[in-house]
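J.: I have a structure here, written as C-alpha cells, and I will follow up with some questions on it.
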Amino acid sequence: MATLNVLILVCLGYVVLLFGVAFAADRLAAAGRGRWLRSPLIYTLSLSIYCTAWTFYGAVGNAARSGLEFVTIYLGPTLVMVGWWWGLRKLVRVGRSQRVTSIADLISSRYGKSNTLAICVTILAVVGGTPYIALQLQSITLSFSIFAEADPTGLYREGSSVFWVATGLALFAILFGTRNLDANERHHGVVTAIALEAVVKLVALLAVGIFVVWTIAGGIEQMMDRIDSSPIGQWNIDASRWTTFTFLSAAAFICLPRMFQVMVVENDDESHLRTAAWAFPLYLLLMSLFVVPIAVVGLDLMPAGANPDLFVLTVPLSQGNDWLAMLSFIGGFSSATSMVIVTAMALSTMVSNHVVMPIWLSAQEGSASVSGDVRTIVLMARRVSIAAIMALGYFYYRMSGGGAALASIGLVAFAGISQILPALVGGLFWRGATRTGALVGLSIGFGLWIYTLLLPGMGGGLIPVSVIENGPFGWGFLRPQALFGIEGIDPMVHSVMWSLSLNTIGFCVASLLSFPSPLERLQGAQFVNVFDHSVAPQGWTGSVAQSEDLMIMTQRILGTVPAQEFFQAEAERQNGRPGRLPEPTPGFLQRLERELSGSVGAATAHAMIGQIVGGSSVSVEDLLAVADESAQLLEYSSQLEEKSAELTRTARKLREANTKLTQVSAQKDDFLSQVSHELRTPMTSIRAFSEIMRDADDLSADDQIRYAAIIHDEALRLTRVLDDLLDLSVLESGQVSLNVGDGSLKSVLDRAVSSALAGGDGSLIVRRVRPSERIQLHTDLDRLGQVFINLISNAQKYCDALEPVLTISTHDVGGQVVIDFVDNGSGIPPEAQSMVFEKFARVGSDKAGGAGLGLAICREIMQRLGGDITYLPGQGGAGFRLSLPLAYRQAAQ
Amino acid sequence: MTAPDQDERRRPSLFLERQSYRRRRLMDAARLLPLLGAAMIALPLLWPDESGGAGAVPMSAAIVYIFACWGILILISLLFGFAARRLSAREKDEPEAGKWQR
Amino acid sequence: MSRKVLLIEDEPNITEAIRFLLTREGWQVETHADGADAVQVIVAAQPDLVILDVMLPGKSGMDILRDLRELKSMQALPILMLTARGQSRDREMAENAGVSRFMTKPFSNTEVLTAVRDLHAQATRL
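Encoded structure:
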C-alpha cells in the first residue's frame, strides 16, 4: 500500500523536477541556445493546459453519467484548431503585430485602446476564473483524500494541504511568470514545464486506459461488449446540450485567458499553428480515447456510491495497482498545476495592466516621465496580483466547501468567458464593430450569465429561492432559469442561448447605431485587414513631443540598455545618425507605443505617451484612409502614404542639411572674426601695458613687475591659442604622426584626472569605476590623455551644479572600449548639441576663457585614433561618449 | 471578407496562373474543413435514441464513428499543413509574399 | 569737478590698463564686467562717458548700446566702443545703433586718450 507519505514525497519530487525544468529552460533561452524550446511540438503541448483536472478526472465522471457527452468539450477545440486558417491565424497575427499582452488587451486595443473595456474583460475573466482555480484545488485535495482514506496512519489534514498547494503554485507562477516585464518575450521556463506536464498527464491517462482495456477487460472486443451491456451502452444524447457544449467549448478555447496566453502571447512563430492544427486535435483524441472504457469498468467494479469523478484513481487502486494509481495521481496533479499557473499568470497581467497601472497612472497625474521606476511597479503589481488571485481561489474553495457546487463550475466558467466571443470575432472580422457595441454586448452577456447561471448555480443564499421560482417581484417572465416564459430547457443551454444571443444582438445593434472614434476606426482597419497592412496607419503627431521626456520614460519601463538601443535604432532609421535623439515623428511614436505596450498593455502605453506628447491626433491622410471603406482605396492610399512619408523624410533631410550648411557657413564666416578676437584680446593687453611701461616714467617698482607679469601671461595665452589652432589644422590635414604605445586605461585616466584637477578650484568631484578601467590599450596614450584632460576641464569650467560631480564609466561593447563622461550640471541645450564639436563653438558666453577649440580637437584626435566622440543626450547633465577600438590598427594610413 | 474586385486590380490578367489557382482552391478547402467537421459531429443527432426503442445505436458503434470522424479531420488537417508549408516556402522568394491568402 | 567714466569690459587685464591710463588723466574710473545688467548699472551710475566692449558675457555690447539709446536720458551720453573682432560689419552696426566712437583692439594708448578727450569735449560743449 502506497502510504500518504510516499505520495507526498513523490509530489514534492515532481514539483522540484518542474522547478528544475523551468529553471533550465530559462537558462537555455537566456543563453540563446535551446532552439527546441521554440519548436512547434512544445507549442502544441503547451496548448494542452486546456485539459485541466476538471477534464482529467471529470471526463470519466461525465461519461459515467451521460455517456459520450464529454467529447463535446474536446470536439469544440478540435474544430477551432482544424479551422486555424480562418480564425486562429488572424488572431495570432494581430496579437503579435499589436504586441498584445492578454485577451483584455486585445479587446481594448481593437476598440480604440479603451481601458473601460479592458477592465470589463478583466473582471469577467477574474469572476469566471476564480471558481475554476478553486475547482483545480478541489481536485488535488480530493485525489489526496483517496490515498488518505487508504492510509491507516492518516495524518492528512485537508485544509492545510490546500493551503500549501495554493502557496506552492503561486510561488511557481511568480518565480517563472514574472521574470521579464515584456509580455511578448516568451516565458520559456513556464512553457517548457507545462509541456512536460502535458506529456505526463497524457501518459498517465493512456496507462490507466491500457490497463483497463487489456488487463481488466481482456482486449478490445471484450471491452466493446462490456460497453454495450453497461448502463451507458446506448446512444442517448440531448441534442441541445450536444450542440451547445460543442459550441461553448470552441468559444472558450479561444476566449479563456490562459488559452490566449499560450496560444497568442507565448507564440513564437505563426507557422507553429500549422503543426498544432493537427497535433493538438490528436492530443485531445488520445486524451479521450480511453475515457468511456475507464468509466464503464469503474461502474462495473466500484461500489454503487463511489464517486465516478475519481475512477481514474480508484479503479487501479481497487486492483491493487498502487504505482499506476500514483502515476494517475501525478497526471491529475499535472493538469491542475499547469492550469493554475498559466491562469494566474494571464490574469495577473490583465489585472496589473488594466487595473493597477491606470490607477497608478492617474494618481501620478501628468507626470509619467518624472516619478518612480515604472518597471518595478509593474512587476510588483503582477506578483501581488498572482498572489491575490491564488488567495481568491483558495478562499472561494474554503467558502464553497468543495462538493457538488463546484462540479459544474467548469462549464459555467466556459459560458462566462465565452461572452467575450462576439466582441472578439466582431472585432477581427467586422470593421463596423464599435467600442459602444462591445461594451453593450459584454455587459448584457455578463449580466445575463450571472443572473441565469452563476447565481442560481451557486445554490441558495446568493439569490432567494422565491426569485428562482417566481421571478423577481413575482414577474414570472424574468425567472432566471426560464426567461420570457421559455421553460423546460436544460439550465445550461438556456443560459448560454439567452446570454450569447442577446450579447450578439446588443453588440451588433449598438455598433450599428454608434459612431466610432477615429482611433477606433484605425485600429479596426488594422485588425480586420491585418494581412494587408504590415505598415500600420498612424495615430500620433509628435510636433509637441519631447524626445528627451520619452527617452526618460522609456528607460524607466524597458530598462536603460534596451531603451537606449531602441532610441539609437530609431535615430539611425530617421537620419542615419546615431548619438542624437530621434525626432518624435508619428511613425516613431507608434513604434514606441507598441514597444511599451508589450510591457504595460496597449491602453496604458497609449495613455503614457499621451501624457508626454500632449494629446493624440490623427492626420488628415489617416482619416482619408479610413473614410472610404473599400479595400482598394485603403491599399492605394497606404501606398501614397508611404510615398508621402518618404517625401517628408527626404524633405526633412534636405532641411537638416540646409540648416547645417547655413550654420557651417555662418561659422566659416565667423571663423576669421573669432580668430581675430582670440588673437587681438591678449595683444590689446600686451600693447597697452608695454606702452604704459614705455611712456610712464613714474611707475613704482611693484607696478613695473606686475605689468611685466601681465604682458608675460598674455603672451603665453597668445601662444596657447596659436598652438591650439596649429594642433587642429595639423590634425585636420591628417599630417599628424601618432606616437602609439601600450598602457592601461586606468593609468592614462589617473594622469589626466590629476593634471586636469590641478588647474582648477578643486570643487569638482570625479567618480570613477576603477575595476572596469583595467583595460590594456594600444594607442597614442598622450593624445588620449589630452582628450581626457579636455573633457575633465570642460566639466570643471562649465558644470553649473552646486556640487559638481563628473562620473567616468567604462564599458566594453563588442570589441570597443566605451568611456562615458557624464556630469550633473544642466547639460548642453538640445539646439546646441549638434554644434559642440565645431570650431569655436562655445555654449553661452565665453566667461571661462577657452578658445572653443577643445572639443573640435578632441574629435579630431579620437577619429585619428580610430574611435569617435559623441554627445550623449538624455543623461541629465552634459555627457560625452568616447569610443575606442580595443586594438588600434593604423588601417586608415 | 475582402472585396472581390481587389484581386482584379492587383492582378490585371483575367485568369490566374495555375499556381495561384491551386493555392486558392487549397485555401477554400481549408475554410471548408471546420464546416465538414461540424457536419460530421452533428450527424449523430439524427440517430434514434433510447426512446426510439429497438433501433437505438449501441455505444460501441457511436464511439467508433466519433473517433473515426476525429481521425479523418486530423489527417486532412495534417495534409493541409504540409501543403501550406510547401506553398509558403515557395512563396517566400516572390515579392508578393504574404498576400496569397485571398 | 570730477569726470566719471564707466568701463564695461570682461577682460581684467584690459580693464586694468584703461583704468591706469584714465586715472592718470584725472578721471574717476568705475568698471563692470557683466553684460546682462550693464544697462541698469550705467543708468544708475550716471557717468560722463561709457567705454563698452562688444563681446560680453550675458548680453552683447551691441544690444546694450541699442537699449541705452532707447532711453531718453541716455541719448546724449558719449559711448566709446571697443571690439577685437574688427569686421567692417560690426562698425556699421554700431554706427546705426548710435555709437559715438568705434575702435578696434589692439589700440594705442594715445588713441584711446584722444578719443576720450574728444568725446568729453564735444559733450560738454553741447
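Residue numbers (my numbering), protein chains in the order written: chain U, 1 to 893; chain A, 894 to 995; chain G, 996 to 1121.
C-beta: ideal position from N, C-alpha, C; glycine also.
1. If we ignore side chains and look at the alpha-carbon of each, how far apart do U:F446 and U:V127 end up?
2. Assuming U:W430 and U:S495 are in contact, meaning their beta carbons sit under 8 Å apart, how far apart are those beta carbons, in whole angstroms?
3. I want to see whether chain U comes within less than 9 Å of A:A924, judged by CB atoms only; does it?
4. Of the residues that make up the stretch 671 to 685 of chain U, which ones have a beta carbon closer than 7 Å to any beta carbon in chain G?
5. Going by DSSP in three states, U:Y871 sits in which element: helix, strand or coil?
6. Considering Cα atoms alone, identify which of U:I692, U:A696, U:T681, U:S733 is closest to U:D713.
7. Would you list, in chain order, the members of the stretch 1035 to 1052 of chain G that have their beta-carbon closer than 8 Å to a beta-carbon of chain U?
8. At least one CB of chain A closer than 9 Å to the CB of U:A277: is that the case?
9. What residue range is occupied by the uninterrupted beta strand (DSSP E) comprising U:S229?
10. Any idea if G:P1007 is buried or exposed, counting beta-carbon neighbours within 10 angstroms, 16 or more meaning buried?
11. Determine the burial state of U:Q735: buried for a count of at least 16 other Cβ atoms within 10 Å of its Cβ, exposed for fewer.
12. Spatial neighbours of U:C255 within its chain, please: CB distance less than 7 Å, with the 5 preceding and 5 following residues excluded, ordered by chain position.
13. Strictly by DSSP, which residues pair up with U:D812?
14. Is it the case that the Cβ atoms of U:T130 and U:V162 are separated by a distance below 9 Å?
15. Exposed or buried, G:E1106, counting other C-beta atoms within 10 Å across all chains shown (16 or more means buried)?
16. What three-state label does DSSP hand U:W242 in the structure shown?
17. Going by DSSP, what residues sit across from G:E999 in a beta bridge?
18. What is the rounded straight-line gap between the Cα of U:H354 and the Cα of U:N115?
19. Could you check the C-alpha separation between U:Q674 and U:K839 for me, to the nearest Å?
20. Leaving out five residues on either side along the sequence, give the residues of the same chain with a beta carbon under 8 Å from the beta carbon of U:G825.
21. Given a cut-off of 9 Å, decide if U:L777 and U:V817 are closer than it, judged by their beta-carbon atoms.
22. Answer yes or no: do U:A856 and U:I792 have a C-beta to C-beta separation smaller than 9 Å?
23. Hey, U:M350 and U:A125: beta-carbon distance below 9 Å or not?
24. I'd like the list of long-range same chain contacts for U:L289, defined as Cβ closer than 7 Å, with 5 residues on each side in sequence excluded.
25. Report the option in U:A53, U:E149, U:F280, U:D238 whose CA atom is closest to the CA atom of U:Y43.
26. Check for me: the beta strand (DSSP E) holding U:I194 runs from which residue to which?
27. I'd like the span of the beta strand (DSSP E) that includes G:T1099, first residue to last.
28. Is the separation between the beta-carbon of U:G393 and that of U:A510 shorter than 9 Å?
29. Quick one: what's got a C-beta closer than 7 Å to A:F960's C-beta in the same chain, skipping five residues either side?
30. Ordered along the chain, which non-local residues of its own chain (more than five positions away) have a Cβ less than 8 Å from that of U:G943?
31. Contact check, U:F527 vs U:L428 under 8 Å by CB: the rounded distance?
32. For U:V199, which residues in the same chain have their Cβ closer than 7 Å to its Cβ, ignoring the five residues on either side in sequence?
33. Taking contact to mean 3 or more Cβ pairs, one atom from each stretch, closer than 8 Å, check whether the stretch 307 to 324 of chain U and the stretch 90 to 101 of chain U are in contact.
34. Closest Cβ-Cβ distance between U:S271 and chain A: below 9 Å?
35. Between the alpha carbons of U:L589 and U:L722, how many angstroms are there, rounded?
36. In three-state DSSP terms, what is U:L882?
T.: Judging by the given coordinates:
1. Between the alpha carbons of U:F446 and U:V127 lies a gap of roughly 10 Å.
2. Not really, about 25 Å apart at Cβ, beyond 8 Å.
3. Looking at the sequence shown, residue 924 of chain A is not Ala but Arg. Yes, its Cβ sits closer than 9 Å to a Cβ of chain U.
4. Result list: S673, S676, H677, R680, T681, M683, T684, S685.
5. Per DSSP, reduced to three states, the secondary structure at U:Y871 is strand.
6. Of the candidates U:I692, U:A696, U:T681, U:S733, the one whose C-alpha sits nearest the C-alpha of U:D713 is U:T681.
7. Those would be M1050, L1051, P1052, in chain order.
8. Judged by the 9 Å Cβ criterion, U:A277 is in contact with chain A.
9. Careful: U:S229 lies outside any beta strand (DSSP E), inside the alpha helix (DSSP H) at 220 to 229.
10. Classification for G:P1007: exposed.
11. Flag for U:Q735 reads exposed.
12. Take U:C255, set aside five residues on each side of it, and the residues of its chain with a beta-carbon closer than 7 Å to its own are I103, I417, S418, I420, L421, L424, in chain order.
13. DSSP lists U:V817 as the beta-bridge partner residues of U:D812.
14. Their beta carbons are not under 9 Å apart, which means U:T130 does not touch U:V162 by this criterion.
15. G:E1106 should be labelled exposed.
16. Reduced to three states, the DSSP call for U:W242 is helix.
17. The displayed chain sequence assigns Lys, not Glu, to residue 999 of chain G. Answer by DSSP bridge pairing, in chain order: G:Q1023.
18. Distance between the alpha carbons of U:H354 and U:N115: 7 Å.
19. Each residue's Cα considered, the two are about 10 Å apart.
20. Excluding residues within five positions, the ones whose Cβ falls inside 8 Å are A795, Y798, C799, D800, A801, P804, G877, A878.
21. Judged by their CB atoms, U:V817 and U:L777 are nearer to each other than the 9 Å cut-off.
22. Using a Cβ distance threshold of 9 Å, U:A856 and U:I792 do not count as a contacting pair.
23. Contact: yes.
24. Once the five neighbours on either side are set aside, the close Cβ partners of U:L289 are G209.
25. If we check each option's Cα against that of U:Y43, U:F280 comes out closest.
26. Boundaries for U:I194: no beta strand (DSSP E) harbours it, while the alpha helix (DSSP H) harbouring it runs 188 to 210, taken from the DSSP string.
27. Boundaries of the beta strand (DSSP E) around G:T1099: 1096 to 1099.
28. No; because the gap between Cβ atoms is not below 9 Å, this pair is not in contact.
29. Result list for A:F960: empty, nothing under 7 Å.
30. Residue coverage of chain U in this structure runs from 1 to 893, which leaves residue 943 of chain U outside it and unanswerable.
31. U:F527 to U:L428, Cβ: 6 Å. Contact.
32. Only L45 meet the Cβ criterion.
33. Short answer: they don't touch.
34. With its beta carbon less than 9 Å from one in chain A, U:S271 belongs to the interface.
35. Their Cα atoms are separated by approximately 48 Å.
36. If DSSP states are grouped into helix, strand and coil, U:L882 belongs with the strands.
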